[in-house]
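Worksheet: the structure to be examined is printed underneath.
2 protein chains.
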Amino acid sequence: DQSVGALLEALKGVLESNDTRRFCKIPKGTRDLLPEQMAIRERAFAIITGAFKRHGAVALETPVFELRETLTGKYGEDSKLIYDLADQGGESLSLRYDLTVPFARFVAMHGFGSIKRYHIARVYRRDQPHMSRGRYREFYQCDFDIAGIYAAMAADAEVLKVLTEILDELQIGDYEVKLNHRGLLDSMMDICGVPGSKFRSICSAIDKLDKEPWEAVRTEMVEDRGLPPEVADKIGTFVCLRGEPLELIEKLTAAGSQFSGHSGAKLALDDMVLLFKYLQAMGCLPRFVFDLSLARGLDYYTGMIFEAVFKGTSQVGSISGGGRYDNLVGMFSGKKIPSVGMSVGIERVFSIMEDIERAKSAKIRTTQTEVLVASLGPEMLKARMEVCAELWSANIKAEFIPKASLNFNKQVSFGLDQGIPWMVIFGEDELARGEVQIKQLTADASESDTPLVVPRERLVEELRSRIGTTSGLA
Amino acid sequence: DQSVGALLEALKGVLESNDTRRFCKIPKGTRDLLPEQMAIRERAFAIITGAFKRHGAVALETPVFELRETLTGKYGEDSKLIYDLADQGGESLSLRYDLTVPFARFVAMHGFGSIKRYHIARVYRRDQPHMSRGRYREFYQCDFDIAGIYAAMAADAEVLKVLTEILDELQIGDYEVKLNHRGLLDSMMDICGVPGSKFRSICSAIDKLDKEPWEAVRTEMVEDRGLPPEVADKIGTFVCLRGEPLELIEKLTAAGSQFSGHSGAKLALDDMVLLFKYLQAMGCLPRFVFDLSLARGLDYYTGMIFEAVFKGTSQVGSISGGGRYDNLVGMFSGKKIPSVGMSVGIERVFSIMEDIERAKSAKIRTTQTEVLVASLGPEMLKARMEVCAELWSANIKAEFIPKASLNFNKQVSFGLDQGIPWMVIFGEDELARGEVQIKQLTADASESDTPLVVPRERLVEELRSRIGTTSGLA
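Just so you know, the protein sequences line up as chains A and B, in that order.
If you read the first sequence in the working numbering, its first letter stands for residue 15, the second for the next number, and so on.
If you read the second sequence in the working numbering, its first letter stands for residue 15, the second for the next number, and so on.
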């Protein structure tokens, strides 16, 4: 009957509209960047790239996917998070998990003996996303690495110097950089009586200390990873050691300290003494904390390791990390090229910068347009195009609204909304006389200021002198 | 016996070294970009981004993969080239095939009524690679699109204007832009007697005319795609029509032309008349050729289409293409947002720019370092770091070589090799006196010029005035 027919018809409408819309979404853990977010991102990248270039780094690019074997056996427990491509015939491929392993493969493949490079690109991890906390499945990393045989700890110190320059310039809050050494961690485990075969596994447990209390980590060590309770307790006495670098190193190297008789610990502490000396020479030592609980999750580190975190805020997790990895290049070429590097996890930085901008409640400009070409009266589209083309030729950033007939106020509103500082205005009459008007476009000046009338042939010149002025002030 | 043992040992060595090295390669059809290539790429991107921003476009970013359904049914015969991700639990994902479909999904999902955006990013196609001809499986596209309801052909004209600005500024050779209209192609097929169901299939055949002679395409139409020979021959009389836009359009719109009585053709020709008028107003019409053989492979175009090619060189294939696609956004949201855009295939542009640079045989600088901080005498590493840190604080791009002891000539060679214009030099004695030397570093001046001695506290100031000068001249 009729009502059933109408119901079916309505149901069909719902289904069809679902059908149209259900694919209008994006993969879990990813996001689009909107124009306002891109504007902030560009500002952050400019600061970061500026620091990398200031230190003489070259740029390079690698494919977004690698042969699966390139990534296998490099990341320890995290390897399960790697994205694989489907087998469509041909090679087995995986999306890059970080920029460090591709860099090591690059150095080995192209036979570089030394290189200082930066790489800003997205990496992929099938992790549980926490979008509100800045944890995505696709996210940017900004990496800076120095590969090559150099004086002990000199490249390490420069990497850390670059990191402090970036975090200072971004002005996103007070931070500290935790420092430790894989050699010191291994020695500490050795001193405590952890068997060598359990070093990496216990290291992974220690790595959780930034998120979990010691009691929880101790339980994991004893119950899940099979460590005798007294060994775990001894580790507990070490991992609470943290402090100002020069103070703590003096304590650890003092005669009678538990490390002083251990040859591995001695070597690692020598490294740290040198590192602190260089950081002091470059004026950034106050940013660092020597922290024996820092472990880093990844397998490939071999020496100094670090992680930058925010101080005393609700912001959790690290904003940057890195360390020395002397054996990674050799895993590809057989030729050992010692390397050290860092990665800034820029998604968190973006979130913080966005919060700061929102708090200012000022509108973020998403274009750089300097001039809006506007007309009075109907049918002036072609004339607007002609004037715009003249400005583009002079490398002036200009726009017209591509509508056939426009009222003048709509053009003013568009200009104000977009934050465009200048307007060029004309009607049939002005054009016939060979004249145009120039008008500054600010919210308060939009009504009052009298436009300046200039001859058409002097338009570019007049605009140039004015744009220079406003850009200089901005 | 002994020789067999030695042989086995040698064989083992070979196998082990293969084992180490066999993963030191990258996926088929992809490439790493080396520092020199990155320097050229950055130059090209600066020109392209500059043009996009000059026209008021905003930037945006989308994920590298999309839900598989987002891409399904958008590319016609080329869909088989899409890279799928493995099923690891969760959604079915594919790498983006172009930037246009993700843009349409973006516009629909975020509810934009109009937007002018650019997007420079890599896309993925499981095509047969031809690396020497610039055809890769992973390659950059530089896209510029205008979505929104605007005056007929006004946005189309601006897209084409941007394209000519970019190709002019890149200075990579003489080019022409072929123009046609999907409505005109469809009308032409209708006039020739092609059944509507075969339009897209015959269109794909016509698309091959830039690579194959008419005879081969005619054979494909008749034998593979089942077109009666007399229909194919009639198409042959149309697709040879090409010429200067205003001349050809006059011929086609003249009373008695085959198009004049066809309503679809009439609408398409009206579009083209308007387009040519606007291109003329913006001063770029001489770059265009009206070419009835241009078809474009992708399914989604609905109006004006174009392709830029090099003139009279061995360079084959298009360097840019695009057109109007009024129905793509609506496929995601159900709401029609007419759109038009273009894509510059930048890998070919890179190849040409690299050839031009190679022909100049000048070394390409891969860093922007302005000052090399060098020392005389042993054990000066910490002092070099201190001076470098001072320069970095002043935002001067500076490097030191991180070796413990260095002879002076090695530092000069490094600076010359890297093209670093200035050197700061000191030994123990100068530092004790509170002095440093500044020296210009050019291949011919390296021996002769006397270095300038300046007080340490005036170093930044003295360098700044000099760096300003050389940068200004460069």
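By construction, the Cβ of each residue, glycine as well, lies at the ideal position given by its N, Cα and C atoms.
- With respect to the 8 Å criterion, A/Ala165 and B/Lys396 are not classified as neighbours on the basis of their beta carbons.
- Inter-residue distance for B/Gly317 and B/Gly162 is about 15 Å (C-alpha atoms, whole angstroms).
- The C-beta of B/Cys156 has 16 or more other C-beta atoms within 10 Å across all chains shown, which makes the residue buried.
- Per DSSP, reduced to three states, the secondary structure at A/Phe414 is coil, with no helix or strand assignment.
- For A/Lys453, the uninterrupted beta strand (DSSP E) run begins and ends at Glu449 to Gln454, by DSSP.
- With at least 16 other beta carbons inside 10 angstroms of its own, B/Ser332 counts as buried.
- For A/Met123, the enclosing alpha helix (DSSP H) stretches over residues Thr114 to His124.
- Annotation for A/Glu234: Ala219 place their beta carbon closer than 7 Å to its own, counting only its chain and skipping 5 residues before and after.
- Residue contact with chain A for B/His144: absent (no Cβ-Cβ distance below 8 Å to any residue of chain A).
- Under the DSSP assignment, B/Lys192 falls outside any alpha helix (DSSP H), being part of the beta strand (DSSP E) whose first and last residues are Tyr189 to His195.
- Put simply, the region 406-413 of chain B does not touch the region 348-361 of chain B. Fewer than three CB pairs are less than 8 Å apart.
- Beta-bridge annotation (DSSP): B/Val343 is not paired with any residue.
- For the options A/Thr114, A/Gly187, A/Ala60 and A/Gln425, the alpha carbon positioned closest to that of A/Tyr339 is the one of A/Thr114.
- A distance below 6 Å between beta-carbons, with the five flanking residues on each side excluded, links A/Asp188 to the following residues of its chain, in chain order: Lys325.
- Beta-bridge analysis with DSSP links B/Gln155 to B/Ala135 and B/Gly359.
- Judged by their CB atoms, B/Lys265 and B/Ser271 are nearer to each other than the 8 Å cut-off.
- B/Ser347 and B/Phe79 have their C-alpha atoms some 20 Å from each other.
- When the five nearest sequence neighbours on each side are left out, the beta carbons in the same chain lying within less than 8 Å of the beta carbon of A/Ala53 are those of Ile378, Arg379 and Thr380, in order along the chain.
- In the three-state DSSP reduction, A/Lys130 falls in the strand class (E or B).
- Close to chain A, meaning a Cβ-Cβ distance shorter than 7 Å, are the following residues of the region 179-198 of chain B: Glu179.
- The beta carbon of B/Thr267 sits closer than 8 Å to the beta carbons of Phe273, Ser274, Leu283 and Val287 from its chain, once the five residues preceding and following it are set aside; these are given in chain order.
- In summary, the residues of the region 405-430 of chain A whose CB is separated from some CB of chain B by less than 9 Å are Leu405, Trp406, Ser407, Asn409, Ile410, Lys411, Ala412, Glu413, Phe414, Ile415, Pro416, Lys417, Ala418 and Ser419, in the order they occur in the chain.
- Rounded to whole angstroms, the Cβ separation of B/Arg310 and B/Gly335 is 6 Å, and the two are in contact under 8 Å.
- Comparing C-alpha distances from B/Gly482 to each of B/Val450, B/Pro435, B/Val468 and B/Gly441 shows the shortest one belongs to B/Pro435.
- Distance from the CA of B/Gly125 to the CA of B/Phe117, rounded to the nearest whole angstrom, comes to 12 Å.
- By the rule that beta-carbons nearer than 8 Å mark a contact, A/Gln155 does not touch chain B.
- For A/Thr63, none of the residues of chain B pass the 9 Å Cβ criterion, the least Cβ distance being about 10 Å.
- Among the residues facing chain A, B/Phe364 is not included, as its CB has no counterpart in that chain under 8 Å away.
- Proximity of the region 81-101 of chain B to the region 87-99 of chain A meets the contact definition, three or more beta-carbon pairs being nearer than 8 Å.
- When Cβ-Cβ separations below 8 Å define contact, B/Asp238 makes no contact with chain A.
- Considering only A/Gly64, A/Lys42, A/Gln185 and A/Gly19, the residue with the shortest C-alpha distance to A/Arg149 is A/Lys42.
- The C-alpha of A/Pro469 is placed about 12 Å away from the C-alpha of A/Leu477.
- Secondary structure at B/Asp238: helix, using DSSP grouped into helix, strand and coil.
- A contact is defined here as three or more CB-CB pairs under 8 Å, and the region 421-433 of chain B fails this definition with respect to the region 168-181 of chain A.
- Secondary structure at A/Arg338: strand, using DSSP grouped into helix, strand and coil.
- B/Val176: member of the alpha helix (DSSP H) spanning Ala168 to Leu184, first to last residue.
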